[in-house]
Structures are given as C-alpha cells and as structure tokens.
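Since the structure comes first, as structure tokens, the remarks are kept for the end.
Listed below in structure tokens is the structure:
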C-alpha cells in the first residue's frame, strides 16, 4: 500500500511556499464575492510584502464544464497546461489557486500525468499545436486558503478586530466549511487531511474565534455540480444546505467561513430561499448566519472597510457580525447599496 | 545445557515455555512489560465459551513461576544476530543475551483507531475501542462520558482491517466473534441497552461461532446491520450521530447512539518492524513475520534456529495460538536434538 495510508492526519501538514506566487483566479468568485480575490492580493502584497503575480491572460480552468460533461478530460488538461505555460513564461513555479474546484482539477491533472506520463506528452503536443507554448510543471500547488493559513499568525499580529464579541469578550462562534474538492479527492493536498482539515480552523483559532463542531459539519454544502446545474435536481442542493443549517442552528454560530466559491455562494443564497419558502431564519436575531470567505475574514480582522471588500453583495446581512466585532462602518452607504442591488 | 530464549511473555510465549520447562534445556522469557500475559490480560472473558481469561492464564503463569524458567521484564529486543552456532539478542537498552535457539512470540498490537479520523476516536468522548470496552467490562462499569448508562450502543466491525485506506488489506479474523461476545457481555450487564453491530460480512470461522451469533440475535436481541460506518459526529449532548449504509436494503442510514465501540484489528508488533529494519527476518505482505511454508512449516523462519509462535505470524484465536505454540516447542526440541 502507498505510504500515506498510515498517516495520522491530525499531525499532517503540507509544504506551502513562503513567497513568489503565481495566482490563478476563480471564474465565479468575482461575481459573488467581488472583493475576495483582490483583497487577497492586497494582503499579500501590501501587508505581508510578498510577491504574487496576477496574470491577465489566464482563463477559467473550465472546471464547471468538465464536471458537467461538456468539457472533455483532454481539453481541461490542455487548459491547465496553458495556465502552467503562462506561469513558466513569467518565471514562477508556485501556483496559488483561488477556487477549490480548480484546486481539485489541478491536483487531478498532476496526478494523471504522474501515473500516465504518455498523457502528459499528449497534452504537451496539444498545447504546442494550439498555442505554440511550452510549460514546466509547478514545484508547488497551494490553495489560497493554505497561504492565509501559513501567514495566520502574522495576520494575527496586525489584527485590529479579533474574532471576539467586543461587548462580552467571548470568542465568536464560527462554523468552518471546507470545499469537498480541497482534500476529499487527494487527502495529502489538504492541511490536516480530508476528514478534519485544519486550514480554516487554524485561521479561526489564531484570530481568537471558537470552532463550532456540529453533527453535519462534514456534510456537502449542496453545491454539487450535478445538483445545481440540472434544475430538476436543484432541490437536492437546497436540502443539503438546509440539513447543515438545521444541524448548526442550536450552536448559535456568529458566522460561517468557507474556502470554496460554491459553498460560500450556496450557504449564503439558500438561506434566503429557505426564508422565502419556509419563513425560517437561522439566528435568534432574525437575521440569518453571515457567510464569509476566508479572505473577507482576514480583511475584516485586519481592519479593511467592509464595503470596500464587497460585503454589501452578500445575501445575508453581515452587519450583526460587524457590530459584534466592533467594526465601524458607513450604515447609510450600506442601506443605499442594498437598495441599488435589490438585495432583500 | 542448551539455552532457549523466548521473546514475549504472552499466551504464546508462556505456552512454549511450559512445554520446554521439563525438557533438559534452560528457558528464558524476555518480556517488554512488567507482567506476563500479554494482550490476553486486557480481556476478561474469552469466546466462544465465555471462560475467564485469568483461568486460562493462571495455570501457565503458576507453572512458569514454580519452575526454573527465568523471566526478564522491561526488556524489548530489537536486534537478533547469529554468531557461529549462537544467537545474540540485544535489547533497546543494550542488554545482550545469548541463546542456542530463539522463539519469537511477540504477539500483536491493535490498530491505532485515531488513524480512522472519520470514526471520531479521541475526538468524540463516547467513541471507544474494543480494548477500552474490555476495561469497562472488567470493572463492571459501562458508562458514557457523562457517567450515565448508555441506552444505545453501536459496534463497528473491521476497524483497521480489510481497509485499503489504512493499508491493511487482511482480515483480523477474531474481531467478528469478539464483537458478538462483547455485545452479549454488554447486554448481560445492561439488559435494556439496544445494540447494533455494523459489519462488512461476518467471518465466523469457528465451528460454534455461528451458534453464538444466533444466540446474540435470538436471546439478546442484538441487531446486525450489513454496512460500514461512513462517519461519526458528536451532538451537543455528547451523543453520537452515525452515518452508514445498510447494504442489504441498499439505503443510507443515520442513527443516534450513546456509545460507539470500534472493533480494532490486529497489526504486526514492533518486533516485526525491527527485524525488517535489521534485514534479519523476512516479513509477509501484511508485515507479519514470514513462515518458511504456510502449510507445512508454520513455526519455522527462513533463519535456522529462530522459531515462531502465535500471532507474530498473523491473527489467530487463543486456542489456535496455544496449538501453534505447542508445535513451536516441538520444533525447537527437534532442532536442539539435531545440533
């Protein structure tokens, strides 16, 4: 058997490079969480003083098409190869991937090439014919939440608003939700393995929060491609999310933090659908549970203006969380923006 | 007088020692802990007849104590080498012992259930192993972390056995019948408890094991569900939510229980790894010490003068261990008479 089968995952850590990242963006995150990727780059460049390259010529990884059987395996590998070629041309060797779906696909591609070198050769030939490009494989592949995890203590040192209830001094109760493709495909690609990845819990603890360990913690958020893309199956997606909300509700979480675009989107939006269809809101205040990305959480604790990182775009109102943390914000601007965006 | 050194003071080592003690050779048992009995001492009753472990061990231990057999405690052998016709055994603490023949009776260790994180051992309070349950049975005190009697208990078979994900492809053989034995014991102590056993398939190889299985269902109302556990979660009140698949009905299931017992499998002991590191004894594909011939020479290693007794060659019951160890003693005597 392969060696990693005997790994004690709770002790497992993966190597995350210290500097010089080639950033690979998500295709959907800028729509739903428009500030997340930009603030990630800003934190790395301007606060942590790291080198991160944001390539304008990059494309989607075509992961949604691949998981929907529209894009073939050869095609998606060629797209990945092109991204690697862009990285090679700019002299980088550490990729940082913003999306968990993409992260799974990049790892799957590398895995295929490791076990089937003839496939890698074929893809190299396809890329050559299509674009004339050559590529080197990256030395390391990290998810951008891995990078935030790596620098969690540096961020904690510069923290303005810890994950603490300003009035009571109690730690905020935070639900962590890890995207399935982060480590469930290849456990060794996730910090702490597949079952209890530490990537978000490590961040939350470092910034003063308390982890909520609820029964359906490891259940899928409901994003599953075949569930939400096929309209007839969309009820499954909603059911999965509802199952999680029902399970976490008794713990009265202050926020949910996700590292996957789909999870963050669905856990945010489905709360609205559940309210509209069933009149149910998952918090005592009648607000719902705010859903944040890890970059947004990092930005909040570092003192970024919530509206400059796009929190007004969230379905669930984040202001109760901001109030608890003691973050000051422009309330009128927020109300005006919500009206403009027609967010209920 | 020839000197036979037995590595391990469990039931296998004790059996070999008892067989050799009146045979005109000097016998030494080297035991890594501070007591004789090995893994067997962790148990209270034995399948299939619920006889007491202390009754099984008592005779052997008395025999060893009343004979010339020397027992060296707190000594773990990690090197064996041959110099001409003698063996030199070396402990981790650099104690050296000479021998004319060596019997490896190092037994087994149980699978470390923390590796199966999804089952929640050492993460959730009320997830215990079959070894932990034996301690509770020994103390006649089966309680949850809150000090209450559990009303629903799930036994999970094959934890660390027949599981490619943890690198153990083999069956540990005795866990199915041990689970049934323990389930009956729990039911005897707590008659109102509901018990569910989750199994892949029940490997009840002994001639009377199926009778115990039927007794468990008929007389003790223990329920058997064919399906592996997927994952465990803890609720606020410290009870557990388990997800599994009932493969007979072909449906996923969720269940709330107060306690989970993980039937941890048998793994090769550290001695096997030491031998592998020293490139001295060969190991089989599962990491147990390799026998010269799996049909005809089950006590003999590829190294002449080094013999095998008990579960160092793979999982086996107490009865089988005793048989195997008696055969090992016979092989030792044959070897000594030739040399």
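Residue numbers (this note's numbering), protein chains in the order written: chain A, 242 to 585; chain B, 209 to 547.
The beta carbon of each residue, even a glycine, is placed where N, CA and C say it ideally should be.
Residue-level contact check: residue 453 of chain B does not touch chain A, since none of the beta carbons of chain A fall below 8 Å from its beta carbon. 8 Å or more divides the Cβ of residue 480 of chain B from the Cβ of residue 224 of chain B.
Contact check for residue 467 of chain B against residue 352 of chain B passes: the beta carbons are separated by less than 8 Å. Residue range 496 to 499 is occupied by the beta strand (DSSP E) that includes residue 499 of chain A. By the neighbour-count criterion, in which 16 or more other beta carbons inside 10 Å mark a residue as buried, residue 456 of chain B falls on the exposed side. Not one beta carbon of chain A lies nearer than 8 Å to the beta carbon of residue 354 of chain B.
Shortest Cα-Cα distance from residue 319 of chain B to any of B:312, B:272, B:369 and B:332 involves B:369. Contact between residue 250 of chain B and residue 339 of chain B holds: their C-beta atoms lie close to 6 Å from each other, under 8 Å. Membership of residue 500 of chain B in any alpha helix (DSSP H) is not indicated, and neither H nor E is assigned to it by DSSP.
With respect to chain A, the C-beta atom of residue 481 of chain B has no partner C-beta closer than 8 Å. Cβ proximity to chain B below 9 Å picks out nothing from the region 287 to 311 of chain A. From the listed residues A:470, A:361, A:401 and A:490, the smallest Cα separation to residue 376 of chain A is found for A:361.
If you check each beta-carbon in the region 216 to 250 of chain B against every beta-carbon of chain A, none falls closer than 7 Å. Under the three-state reduction of DSSP, residue 517 of chain B is assigned to coil, being neither helix nor strand. The Cβ of residue 545 of chain B sits no closer than 8 Å to any Cβ of chain A. An exposed status is given to residue 281 of chain B, since fewer than 16 other beta-carbon atoms sit within 10 Å of its beta-carbon.
Residue 251 of chain A belongs to the set of residues whose beta carbon lies under 8 Å from a beta carbon in chain B.
Pairing residue 392 of chain A with residue 571 of chain A, the inter-Cα distance amounts to about 29 Å.
Closest by C-alpha distance to residue 398 of chain A, out of A:464, A:262 and A:289, is A:289. The beta carbons of residue 218 of chain B and residue 246 of chain B sit closer together than 8 Å. Relative to residue 506 of chain B, the option among B:494, B:539, B:475 and B:401 whose CA is nearest is B:539. Taking all protein chains in view, the Cβ of residue 422 of chain B is surrounded by fewer than 16 other Cβ atoms within 10 Å, so the residue is classified as exposed. Against chain A, a Cβ distance below 9 Å from residue 299 of chain B picks out nothing, because the smallest value is about 26 Å. Apart from the 5 residues on each side of it in sequence, residue 348 of chain A sits with its Cβ closer than 7 Å to the Cβ of 382, 426, 427 and 430 in its chain, given in chain order. Contacts with chain A at 8 Å (Cβ-Cβ) do not include residue 475 of chain B. Here DSSP, grouped into helix, strand and coil, assigns residue 218 of chain B to strand. Sequence-ordered contacts of the region 449 to 477 of chain A with chain B read 454, 455, 456, 457, 458 and 459 [C-beta pairs closer than 8 Å].
Residue ranges of uninterrupted alpha helix (DSSP H) with 4 or more members, entirely inside the region 290 to 335 of chain A and ordered along the chain, are 304 to 308 and 314 to 330. Against residue 436 of chain A, the close residues of chain B are 325 and 326, in the order they occur along the chain (beta-carbon pairs closer than 7 Å). The region 332 to 420 of chain A contains, as complete alpha helix (DSSP H) runs of 4+ residues, the segments 341 to 356, 358 to 372, 385 to 391 and 393 to 398 (chain order). Listed by position along chain B, the residues whose Cβ is nearer than 8 Å to that of residue 491 of chain A are 444. Collapsing the DSSP output to three states places residue 460 of chain B in a strand. The beta carbon of residue 512 of chain B sits no closer than 8 Å to any beta carbon of chain A. For the region 413 to 444 of chain B, the set of positions with a beta-carbon nearer than 7 Å to some beta-carbon of chain A reads 439, 441, 442, 443 and 444 in chain order. When the alpha-carbon of residue 368 of chain A is set against those of A:401, A:322, A:528 and A:408, the nearest one is in A:322. Residue 449 of chain B belongs to the set of residues whose beta carbon lies under 8 Å from a beta carbon in chain A.
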